[in-house]
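Shown next, in structure tokens, is the structure this report addresses.
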Amino acid sequence: MNKADISKAKNPDLRASLAALERAAQSARFVAMQTNTSVVLVENGKMIKLTAEQLRQEVSKS
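Per the numbering used here, the sequence shown starts with residue 37, numbered consecutively.
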């Protein structure tokens, strides 16, 4: 499923799941910055490790 499919789902829990995942990702980044740890994510099929410093730099750019 993609974002458009999920937003049109009949099940309200499924429709809300994308926003919940985005909140969880933001929370994980925040905790990583607080505890000076890294987060690992997958972008375009590749695993990427972002350090707390890289996360802080992303926040300061926006």
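For every residue, glycine included, the Cβ atom is placed at its ideal position computed from N, Cα and C. Predicted, not measured: the structure shown is a model, and the values here were computed from it.
| Check | Outcome |
| --- | --- |
| By a C-beta neighbour count over all protein chains shown, 10 Å radius and 16 as the cutoff for buried, is A68 buried or exposed? | buried |
| Please report the straight-line C-alpha distance between A45 and K39, rounded to a whole angstrom. | 10 Å |
| For the candidate residues S96, R51, R92, whose alpha-carbon lies nearest to that of T71? | R92 |
| Could you tell me if the beta carbon of D49 falls within a distance shorter than 7 Å of some heavy atom in the ligand ATP? | In the structure shown, the ligand ATP is absent, as is every other ligand, since no ligand is present at all. |
| Looking at the strands, I want to know which residues DSSP matches up with K82. | E79 |
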